[in-house]
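Written out below as structure tokens is the structure these notes cover.
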Amino acid sequence: MHNKGARHIAAESRLREKELSKKHEINKRLALSSDASHSNSGNPRTGVKPTSIKEKPLIEETRRAILEAQSSRFNDFKGKKVSHDSKWTTTSSFDSSVAPSDVPMELSTGNTGLREWNCKGESFAGNQTQDKLFSDRQTEVRKRQEQELRFTASGWKRDGHGRWYRDENVEFDSDEDDPNVCLS
Amino acid sequence: MYLYSLTLQRATGAVCAVIGSFSGRDSKKSAFTQEIAVARGSTLDLLRPDPETGRLRTLLSVDVFGAIRSLAQFRLTGANKDYLVVGSDSGRLVILEYSPDRNRLDKVHQETFGKSGCRRIVPGQLLAVDPKGRALCIAALEKQKLVYVLNRDAAARLTISSPLEAHKSNTLTFALAALDCGFDNPVFAAIELEYAESDRDPTGQAANQAQKLLTFYELDLGLNHVSRKVSEPIDNGANLLVTVPGGGDGPSGVLVCCDNFVLYRNQGHPEIRAVIPRRADLPAERGVLIVAAATHKQKSMFFFLLQTEYGDIFKVDLDHSGDTVSELRIKYFDTIPVTSAVCVLRSGFLFAASEFGNHALYQFRDIGRDADVESSSATLMETEEGFQPVFFQPRALKNLMRIDEIESLMPVMDMRVANLFDEETPQLFTACGRGPRSTLRILRPGLAISEMARSMLPAEPIAVWTVKKNINDMFDAYIVVSFTNVTLVLSIGETIEEVSDSQFLDTTHSLAVTLLGEDSLMQVHPNGIRHIREDGRVNEWRTPGKKTITKVGSNRLQVVIALSGGELIYFEMDMTGQLMEVEKQDMSGDVACLAIAPVPEGRQRSRFLAVGSYDNTIRILSLDPDDCLQPLSVQSVSSAPESLLFLEVQASIGGEDGADYPANLFLNAGLQNGVLFRTNVDMVTGQLSDTRSRFLGLRPPKLFPCIVSHRQAMLCLSSRPWLGYIHQGHFLLTPLSCDTVESAASFSSDQCSEGVVAVAGDALRIFTIERLGETFNETAIPLRYTPRKFVILPKKKYIAVIESDKGAFSAEEREAAKKECLEASGAAENGNANNGDPMENGDGQEDGAEVGNTFPDEQYGYPKAESERWVSCIRILDPRSRDTTCLLELQENEAAVSICTVNFHDKEHGTLLAVGTAKGLQFWPRRTLAGGFIHVYKFVDEGRALELLHKTQVEEVPLALCQFQGRLLAGVGSVLRLYDLGKRKLLRKCENKLFPRTIVSIHTYRDRIYVGDMQESFHYCKYRRDENQLYIFADDSVPRWLTAAQHIDFDTMAGADKFGNIYFARLPQDISDEIEEDPTGGKIKWEQGKLNGAPNKVEEIVQFHVGDVVTCLQKASLIPGGGECLIYGTVMGSVGALLAFTSREDVDFFSHLEMHLRQEHPPLCGRDHMAYRSAYFPVKDVIDGDLCEQYPSLPADMQRKIADELDRTPGEILKKLEDIRNKII
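Structure, rendered in structure tokens:
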């Protein structure tokens, strides 16, 4: 009876959870360690991976993401290039291979779209429309940023919760737009 | 950065003026000529009125590189010319002598007595000379007085003694005069105030009881000693002393001018007092002060003219028997604008050196003998409330008549350079003057012309000539106008009319028409030469075959023609007056132009013929019989020549308007690319040297000879006309302010002795050229009150001006008061009403006002209101039509102080006008104010009118406004604030309160804001949108009282301070980069300040003492396509420019030239040039062009010496000076 007691069950499940998480952690480490990459020889694209990734995986990952974001911006400005597209596919496949390993990654709002798209990005032909979609989102983001700037410049401030409030030293018109409404 | 400083327009205001016979006895006439010496800050001018034309002529204008504070003139007994004594900031006493034959002032004596600079106890401010020329006294405002004994040595040269001291410490001196006591010991009188006791007494009682004293100082010529003889208490309002003639001519003594009174005082004589009549409309609180005085003395009588601070002139007479004065009478004389000095000339003129605005020359019509309002010491009534005042009404001029005016920009309040009229060169718009004499003046580089006649012709002419019938005639006889296929002859008489009996061939067009020999005329037309003899015989020379004449060159005795195909035929006039063919020559190609040099005096023929060809060469051919038409020299030019002209400069040994220079022959060529090419022709060999070229305009210049002030000059007609002439020894090439002219010729007739006849379009115009030697000609638009600032509205090219005055009535109140006054008086009082002078205070709307406008305010000044009253208006002006399209008078004691145009980002209203105002602003006893406002106006009626959008109250005076990123930046007291446009007022969005004093200027560039503080120079700020914050990231470590500011580049600002310095402040490049590369913005936010200021400091990279308060700065180019320079305007009404050097070589050259000139040609009033330009800060990287431009006025051997040291020739130096001047203007 004792074993079937609620407390015991809870303790057992906790233990199991702990083990599971430990296992996950080990799996993750294995997957990222050099041994893991060797053991994962079934993946044909591992050879493509740069060696430096093996050293500092998380940082490299972040760098790569930033690089992508940057090059995507570059892509945005300079127009689309086919050579870029092919590169994109390789990266996306690389990403998809890594993504399942549940690496906790902090991505900025700007990069979320990229990630999503990267994950979805499978077909070569669909890339151009995807690209357009991506740049649209980028401009949307920038527009939003500009809007936010406009509100800060006209005297609105944000509290800890991201809510907008009026700076007490600044004067406002009676019918001025409220960013809490406009931007939500 | 190295700069070249050049004054474009010398100071036009006047500090003081004296009259004297500086040139001595005129050799031609036995009478003494009188000149007026006028001190204009750092320039000394010598003016002479021309009794025939009634115009004032500037004989000489010298830059003395020092501040002239006082002038006096004296004459040694028995001598026949006056010396000029100059008190300046040099700490030296300088006595100058004018030498009329060389037209220059020479330093006779220079006595050092103190430190340089305008100091409290260093003499220089006050100057008095014994009327018999035996001694002079120079005094400081405090303590020091020095007396010099003047005498002459055996060779009749002026000698000066070592100074005798008459110092008294803790004593202020208000005025100084020398008594006229004949040949007794010289006596000087001074109004003094001792302050030692007041200084010691902390309760202030002694200060309240302080008493002014009239002190007499006697110079004992026997003992060579100055003693303080008598010191008597005097009215505490005393401010001015006027010498009363003595020594047999009068009672001696002084007139003491006090607040409301004039007293007669002398040693041992009772005081005689008379009240100064008051204007009827003057508020009771205001006193009447005398500001200027002049004495007129004839053999049998003398009188004084005293001018009050309101402009009224009173004639003062003394009734005396021997040395006893029985009565002092003050009689209203006339009213003229307030002066800083009045001079009465013996020839019956009165020169009024105005305090602000134009100076004037008046002629006496009467000396006030008619009955008029008069006050007298005999009728002075003392009541319980004080002395009984006497009232009068100012009236129109009765005793004086204005005959000439000298333009004065003083003070330049604001300036903009813009090309609003779409002319070739931009115009300078200056807001000048003060109170009712304020004007907006449009300055155009160039000489003014005044058109005398304009008549329409039946078609468009191509050329015009004027000819005399006889070489000895004074005036021209015919104007010959050539059209494409006809020639029209007009005779000049009372009127100008067409004649047909002139013998000229009128069925073809003409190529040249001249007087040949003594009295025969020549007309050259395409098919031949028509020679018309005096007796009416006509000789015709026909061209051989089918050839036609294409070009002609001629002088009085020689003619050269070029036939089509390039053949030259040379004719000469023989003894019998026949035109004889002398020589023929085939040129290789067609001839582009021809010119023969004028026949030198005493010679048979000229030796030089210049031939311009289409192969871009100019050849000089000989016309001597030995080597006729043989080439002497060749000059290649950048483009084919279009027109040639020889200009002969006769030798000059100085004289009234010339320096020393030898005879010279210049060949001028107008090239097809619009360049005027000028070269010196050797008078013996015909070799060409010293070439100069200058771009004149888009059209090839056509050259025509003309006469300007009795000398040969040259008209160059390009896309606008230019005049090349000699003025005060310099060759000047100046544009004329008129439209394009096709062809021109000199014109001389009964009505106009030196004019120009020109054809432009289908009009024939006759005009004269005025005010030679001036850089700008001006057009004035009168304004209502003192202009404070103005902006140019870019789209419509209108000008928005803010004007304000203190202690005056608004226009409506004045109108109402005038009406009331007229109704009350009914008929004419003083015989002055209804003389119908139109009101001249400026706004077009008032032109139609009632007829009863008696006094032009410009002359009489505004009626005075209580001193705390402000009147102000905002005006929109169309500079082209000179109309005021909108005038808003501000109400409720508000005064406009700042103005700017602003485009708010929401674009609902387009461009708006923001005006900062202050309400109830008082400066005394301390600065107070009822409130500040920023008015926002929108433009209606296509920008012609304004409509108030709203008005925002601020807590301090908004002295600076500027647009920034679609918002309005305002400097409100010491706070920099960013405003956005709201529905009912301006919305404060962000502010920075860290500025030290008061913000007076704001400039913006990208996200940087350059703020000028009233006392603390520049602050560089940045606005961060993401934080909505204004940060000061750099400032100046030097305290500067900023009067003007201008943005130069991203890191550099130019500023001027109230002590007369111009400086450039630059943020060092590395700091600038650091600030721009601050992505997080943390550095700018958290950086620590240095020296109680911003974290970074700007460097002052340029320092220059102008010597005059600079009120406005602007970066602009005054020549089409020229580099930008910094233009400034000053309180004394001068305009100058600073040009950045582009090559190190030029910097070296000019700094060496400057160095040599400093050594070899020290300034006239004794101030060291380097010390003057470094008066407050050591001069840095600025070369004084005004000093360099004195090089041509040096004696020739000195010029050569300096040139040798610089490894150049004097000609090259002159060319360099000319070049750099041409880069600026």
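Protein chains in written order, with the UniProt record's numbering: chain A, 1 to 184; chain B, 1 to 1225. Virtual Cβ for every residue (Gly too), placed ideally from N, Cα, C.
Rounded separation between residue i and residue j - CA only
{"i": "Val467(B)", "j": "Ile766(B)", "result": "15 Å"}
{"i": "Ser377(B)", "j": "His269(B)", "result": "15 Å"}
{"i": "Glu111(B)", "j": "Cys16(B)", "result": "21 Å"}
{"i": "Met381(B)", "j": "Gly1133(B)", "result": "45 Å"}
{"i": "Gln558(B)", "j": "Val489(B)", "result": "23 Å"}
{"i": "Leu213(B)", "j": "Thr901(B)", "result": "55 Å"}
{"i": "Gly848(B)", "j": "Gly773(B)", "result": "Low confidence applies here, because Gly848(B) scores a pLDDT of 37, under 50, leaving its location unreliable; read the following figure in that light. Looking at the two C-alpha atoms, the distance is approximately 39 Å."}
{"i": "Asn358(B)", "j": "Leu443(B)", "result": "15 Å"}
{"i": "Gly287(B)", "j": "Gln388(B)", "result": "14 Å"}
{"i": "Val1000(B)", "j": "Val18(B)", "result": "39 Å"}
{"i": "Leu621(B)", "j": "Gly674(B)", "result": "25 Å"}
{"i": "Glu1154(B)", "j": "Ala353(B)", "result": "33 Å"}
{"i": "Ile569(B)", "j": "Ile769(B)", "result": "37 Å"}
{"i": "Asn170(B)", "j": "Lys1097(B)", "result": "42 Å"}
{"i": "Gln845(B)", "j": "Lys806(B)", "result": "With a pLDDT of 39 at Gln845(B), under the threshold of 50, the modelled position of that residue is not reliable, and the figure given next carries that caveat. Near 23 Å, if we compare the C-alpha coordinates of Lys806(B) and Gln845(B)."}
CB contact below 8 Å: residue i versus chain B
{"i": "Leu149(A)", "result": "yes"}
{"i": "Phe172(A)", "result": "yes"}
{"i": "Ser13(A)", "result": "no"}
{"i": "Gly155(A)", "result": "yes"}
{"i": "Thr152(A)", "result": "yes"}
Residue environment, residue i, which counts as buried when at least 16 other CB atoms sit within 10 Å
{"i": "Thr507(B)", "result": "exposed"}
{"i": "Lys546(B)", "result": "exposed"}
{"i": "Met474(B)", "result": "exposed"}
{"i": "Leu223(B)", "result": "exposed"}
{"i": "Thr1111(B)", "result": "buried"}
{"i": "Cys962(B)", "result": "buried"}
{"i": "Asp422(B)", "result": "exposed"}
{"i": "His1003(B)", "result": "buried"}
Cβ-based neighbour list, residue i, same chain, cut-off 6 Å, excluding 5 preceding and 5 following
{"i": "Ile1202(B)", "result": "His1156"}
{"i": "Asn539(B)", "result": "His531"}
{"i": "Gly519(B)", "result": "Correcting the residue identity first, residue 519(B) is Asp in this sequence and not Gly. These residues qualify, in order along the chain: Asn470, Glu534."}
Close Cβ partners of residue i (< 7 Å) along its chain, the five nearest in sequence each way excluded
{"i": "Glu947(B)", "result": "Tyr937, Lys938, Val940"}
{"i": "Ser491(B)", "result": "Ala477, Tyr478, Glu497, Val499"}
{"i": "Val801(B)", "result": "Ala431, Leu440, Leu783, Pro787, Phe790, Arg875, Leu877"}
{"i": "Ala448(B)", "result": "Ser737, Glu770, Arg771, Asn777"}
{"i": "His950(B)", "result": "Val936, Arg984, Lys985"}
Minimum Cβ-Cβ distance from residue i to chain A less than 8 Å
{"i": "Asp1078(B)", "result": "no"}
{"i": "Lys907(B)", "result": "no"}
{"i": "Gly987(B)", "result": "Here residue 987(B) turns out to be Leu, not Gly, going by the sequence shown. Judged by the 8 Å Cβ criterion, Leu987(B) is in contact with chain A."}
{"i": "Gly982(B)", "result": "yes"}
{"i": "Arg678(B)", "result": "no"}
{"i": "Asn992(B)", "result": "no"}
{"i": "Arg1025(B)", "result": "yes"}
{"i": "Asn1028(B)", "result": "yes"}
Residue(s) in a DSSP beta bridge with residue i
{"i": "Asp1148(B)", "result": "Asp1148(B) pairs with nothing; no bridge assigned."}
{"i": "Asp961(B)", "result": "Reading off the sequence shown, one finds Leu at residue 961(B), where the question assumed Asp. Ala970(B)."}
{"i": "Phe392(B)", "result": "Arg279(B)"}
{"i": "Asn151(B)", "result": "Thr159(B)"}
{"i": "Gly386(B)", "result": "Thr383(B)"}
{"i": "Phe1018(B)", "result": "Gly1012(B)"}
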